[in-house]
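Note that this note's numbering has the sequence shown beginning at 1, numbered continuously upward. Idealized CB from N, CA, C, for every residue including glycine.
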Amino acid sequence: MSDTPIRDAASVVIYRYIDDVPHLLMGQRGKNAVFMPNKYVFPGGAVDEADALAALSATVSDSCRARLGQMADLNRVDAIIAAAIREVWEETGLILGQQTDQMPGEIAKDWRGFYQTGHAPSAEGLRYFFRAITPPGRPRRFDARFFLVNADIIKGRLDDFSSASDELSHLHWVALAKARDLNLPFITEVVLAEVEALIKDTGTPPSVPFFKNDTAVSEFLRIY
1 MSDTPIRDAA SVVIYRYIDD VPHLLMGQRG KNAVFMPNKY VFPGGAVDEA DALAALSATV
61 SDSCRARLGQ MADLNRVDAI IAAAIREVWE ETGLILGQQT DQMPGEIAKD WRGFYQTGHA
121 PSAEGLRYFF RAITPPGRPR RFDARFFLVN ADIIKGRLDD FSSASDELSH LHWVALAKAR
181 DLNLPFITEV VLAEVEALIK DTGTPPSVPF FKNDTAVSEF LRIY
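Rendered as structure tokens:
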């Protein structure tokens with residue numbers, strides 16, 4: 001059994017239609033990355049302490065919040081949501097937010113760039129649809145919650161990644177039908193199957209698949 005600590009994390013699947021074909025925003029992790037080198041992934045990462053202090057101008061639906069609160073510390077729910085928004089900003093330069101003239105009195109370093117755009121973080125349109133814990137034996141382990149969002153919610157130009165960090169390279173919109181041709185982690189392949197069904201139905205998912213690997217026994221559960 002691995003003693004690697006499991007960190008809360010969030011990942012966001014952003015989709016848009018180009019010529020009536022669904023596309024997803026993906027990028028490639030560096031070849032020297034400790035976790036999933038060279039793999040194509042969705043924007044995402046670990047929850048930081050500062051995420052718990054980020055004031056959301058809008059949050060997810062009541063059903064999403066309830067599901068996020070299952071098998072988790074309720075005090076961490078908003079931090080997980082905020083981390084999803086921050087990671088999208090850091091790794092792509094795209095904004096999930098609402099314009100505001102009122103800035104918080106103190107802004108944590110991790111959030112300064114975001115607030116300087118004149119926006120407050122907003123989870124409007126985010127749908128929680130998947131959860132997975134990294135199996136034992138990996139150099140890093142995460143309890144990752146996946147969110148789906150239509151790119152129509154994004155503020156700014158969808159093809160402008162000039163404000164992105166260098167955490168992901170080759171950022172591009174890949175056709176959903178072609179995504180499996182990329183070098184993907186196993187769990188991303190599973191997520192793609194869920195996405196394919198969900199973008200055809202904008203309602204609340206009937207349940208959230210959960211790959212639970214926090215013990216020596218792997219379990220597949222559903223969160224209702």
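Assigned with DSSP and collapsed to three states, Ala179 falls in helix. Per the C-alpha coordinates, the member of Ala10, Tyr15, Gly69 and Ile6 positioned closest to Asp152 is Tyr15. Note on Met71: under 16 other CB atoms within 10 angstroms of its CB, so exposed under the neighbour-count rule.
Looking at Ser165, Val21, Lys212 and Ala216, the one whose alpha-carbon comes closest to that of Glu196 is Val21. At a Cβ-Cβ threshold of 8 Å, Leu192 and Ala179 count as neighbours.
At the C-beta level, Trp111 and Ala50 come within 8 Å of one another. A direct Cα-Cα distance of roughly 42 Å separates Asp101 from Pro139. For Asp8, the beta-bridge partners assigned by DSSP are Asp143.
Contact between the stretch 77-89 and the stretch 62-69 is established, with three or more Cβ pairs separated by less than 8 Å. Around the CB of Tyr128, 16 or more other CB atoms lie within 10 Å, so the residue is classed as buried.
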